[in-house]
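The opening position of the sequence shown corresponds to residue 1 in UniProt numbering, with each subsequent residue numbered one higher.
Backbone N, C-alpha and C define an ideal beta-carbon position, used for all residues, glycine too.
In this text, all values refer to a predicted model and were calculated from it rather than measured experimentally.
Everything on this sheet refers to the single structure shown next.
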Amino acid sequence: MKFLVEFGESREQDSPQVCTSLRADIKFLFGIRGLEDITLQRWDPEWEAFVNLKDGETLPDKAKLKCFIPLVHAAEKPAMTESTDSCILHTPPSFSVSSHSSDPKLLFNVVEARMSQRLKDTLVSGVLTEWAPKHELINLVSDVLYSIDKYPTKFVKNELIEEIINRYPCLRNKIGDPCQAWKMKIDNGLKQMRSKDRTLSTPRQKKRKALDFASPVRGEGASQLPPYDETLIEQQQQLMVRELKRGHPDEEKLQLLMQETYPHRRDVIFKEGTFK
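Right, dumping it as structure tokens:
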């Protein structure tokens, strides 16, 4: 992991035990055990490379550091490890997480550090009657998991939720699995984030302009009009009007006249529009 560390004037690391003090800060912020296994390196502008950080050195403000925590199954040496992930550690505990960090305890520390004071007070009091704190917690956990991976593993999600519920027992469900409801809500929160991400990344296409009338099908357009006889069309229209005025119009006759005049009547509607 590579960290960009910022210290205020009150946190300036100029003591002879700068390496030990910095290790203690990193251990506290990230909940790391086994302090002796941590290896720190600082960026040397003269050599243009990272060199091991030793006690007694002066660490300038906003120094770029690398922190190596060897895994149990890893055989590489710290100097051979490459990483491109970085995060900024401010004096307040509002830091981000490396995309390769999947330790549930570390994620729990991040979630707890990002909680608002109102949410913390509500969880500590144990009175969780309103929906707003629950909604804030769901969004917070979903955001932390989404920053790690768009599709976090089931193990990471379940372990993180169990860590939160063990820390705040008021979140337990009284019926059935105490964590099941929260797991479903977190899954829905991740789905919404992925859906929103896809929506933002997809270019918006213009919709086809709405027409006032339906497009003509084959055989009904102007190019398929039968020979136009103005006198015959007027006679057929007059016959339809007279037939409609009768008390009992002949439906078969009307249907036949409608079929014969349909292409021309449709052509008139396309050219002149409907009656208003």
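Membership of V268 in the alpha helix (DSSP H) is indicated by the continuous run E251 to E272.
Apart from sequence neighbours up to five positions away, the residues of its chain that approach K185 with a beta-carbon distance below 7 Å are I138, ordered along the chain. According to DSSP, residue pairing for D44 in a beta bridge involves A49. Given a length threshold of 3 residues, the region 136-181 has no whole run of the beta strand (DSSP E) inside it. Note that the C-beta distance between Q236 and E260 is below 9 Å.
DSSP links F68 through a beta bridge to T39. K157 is positioned such that its CB atom lies closer than 9 Å to that of K183.
For the options R265, T39, E46 and I165, the alpha carbon positioned closest to that of A181 is the one of I165. For F50, same chain residues with a beta-carbon under 6 Å away, outside a window of 5 residues either side, are Q41, W43 and K66 in chain order. A distance below 8 Å between beta-carbons, with the five flanking residues on each side excluded, links L53 to the following residues of its chain, in chain order: V18, C19, L22, L40, Q41, R42, L59 and L65.
Residue P226 holds the alpha-carbon nearest to the alpha-carbon of P263 among R246, P226, M115 and L254. When secondary structure is reduced to three states using DSSP, M240 falls in the helix class. In the three-state reduction of the DSSP assignment, E230 falls in the helix class, which pools H, G and I. With fewer than 16 neighbouring CB atoms inside 10 Å of its own CB, C170 falls in the exposed class.
Taking each of H248, D250, L107 and R265 in turn and checking the Cα distance to I233, the smallest one comes out for R265.
Pairing K196 with S147, the inter-Cα distance amounts to about 14 Å.
Between P133 and L119, the gap from beta carbon to beta carbon is short of 9 Å. Distance from the CA atom of H135 to the CA atom of V268, rounded to whole angstroms, is 59 Å. Taking E163 as reference, the option from L140, E48, K271 and L107 with the minimal CA-CA separation is L107. V127 carries a coil assignment under DSSP once its states are collapsed to helix, strand and coil. Looking at K174, V111 and T129, the one whose alpha-carbon comes closest to that of R167 is V111. Closest in alpha carbon position to P104, among F68, T129, L140 and F155, is F155.
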